Amino acid sequence: MSPKQKSIVILIADDDAEDRMLVKDALDEGRLKNDIHFVENGEELIDYLHNRGRFADKEKFPTPGLILLDLNMPKKDGREALKEIKNDPHLRLIPVVVLTTSKAEEDILRTYDMGVSSFITKPVTFTALVDVMKTLSKYWFEIVELPKID
Numbered sequence: 001m002s003p004k005q006k007s008i009v010i011l012i013a014d015d016d017a018e019d020r021m022l023v024k025d026a027l028d029e030g031r032l033k034n035d036i037h038f039v040e041n042g043e044e045l046i047d048y049l050h051n052r053g054r055f056a057d058k059e060k061f062p063t064p065g066l067i068l069l070d071l072n073m074p075k076k077d078g079r080e081a082l083k084e085i086k087n088d089p090h091l092r093l094i095p096v097v098v099l100t101t102s103k104a105e106e107d108i109l110r111t112y113d114m115g116v117s118s119f120i121t122k123p124v125t126f127t128a129l130v131d132v133m134k135t136l137s138k139y140w141f142e143i144v145e146l147p148k149i150d
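FYI, the numbering for the sequence shown is 1 to 150, going by full-length UniProt numbering.
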């Protein structure tokens, strides 16, 4: 693993505990060694990104290099959180990959229009999820150059 790969924190925003566990297991299965943090709704996502409340410790909750975002979450959904992220001059550089159960054309068009980097519909099998996570990891952590965000 390259040093670049180690330094990138992944922040996963998903309200479903089982989905969070499956994504983490799929990333582990792909031998991804990046630090992974989880939030359960859009409000927590924004608090994490601004180091507010329980996420105030910047050492413990560093700025992520990639956000995996579910669209359908309570309190503040992924669409609202994405809009805030992409309207913030400091946060807009963070790549956001939508990882959701939605297949709605409206969601795909709207999130790309708002600046999402990729839109992925969650696979229905664990094996397919592992394959998606391996491909996603290879692309984001081995192929592309990501901006350094502090």
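Backbone N, C-alpha and C fix where the C-beta goes; we use that ideal spot for every residue, glycine too. A quick note: this is a predicted structure, and the numbers were derived from the prediction, not measured.
Reference residue i, options the options, closest by Cα
i             : options                     : result
serine 117    : Trp140, Glu105, Asp131      : Trp140
residue 170   : Lys60, Met133, Leu68, His50 : Residue 170 falls outside the range modelled here, since the chain spans only 1 to 150, and no answer is possible.
leucine 68    : Phe55, Ala56, Asp57, Ile85  : Ile85
aspartate 131 : Asp16, Lys83, Tyr48, Leu32  : Leu32
arginine 92   : Phe61, Asn41, Asp57, Pro147 : Pro147
glycine 42    : His90, Tyr48, Lys76, Asp57  : Lys76
Cα-Cα separation, residue i to residue j
i                : j              : result
valine 96        : isoleucine 12  : 10 Å
isoleucine 149   : aspartate 35   : 16 Å
tyrosine 74      : lysine 24      : Looking at the sequence provided, one finds proline at residue 74 rather than tyrosine. Each residue's Cα considered, the two are about 21 Å apart.
lysine 122       : threonine 111  : 16 Å
aspartate 28     : methionine 114 : 30 Å
lysine 138       : arginine 54    : 32 Å
residue 153      : arginine 52    : With the chain represented from 1 up to 150, any question about residue 153 goes unanswered, as that position is not in the structure.
phenylalanine 61 : aspartate 15   : 19 Å
methionine 1     : aspartate 47   : Low per-residue confidence applies at methionine 1: pLDDT is 40, beneath 50, and the placement is therefore not dependable, though the value from the model is reported in the following sentence. Roughly 31 Å between the two C-alpha positions.
isoleucine 120   : histidine 37   : 19 Å
arginine 20      : threonine 63   : 19 Å
residue 155      : lysine 134     : Outside the shown range of the chain (1 to 150) lies residue 155, about which nothing can therefore be said.
Buried versus exposed, by CB contacts within 10 Å (16 or more), residue i
i                 : result
glutamate 106     : exposed
leucine 109       : exposed
valine 39         : buried
valine 124        : exposed
residue 151       : Examination of residue 151 is not possible in this model, given that the chain is present from 1 through 150 alone.
alanine 81        : buried
threonine 100     : buried
alanine 26        : buried
phenylalanine 126 : exposed
Identity of the residues DSSP links to residue i by a beta bridge
i             : result
histidine 37  : Leu11
threonine 111 : In DSSP, threonine 111 forms no bridge with anything.
serine 118    : Val97
isoleucine 46 : According to DSSP, isoleucine 46 bridges with nothing at all.
Under 8 Å between C-beta atoms of residue i and residue j
i           : j          : result
leucine 129 : leucine 22 : yes
valine 144  : glycine 65 : no
serine 102  : leucine 71 : yes
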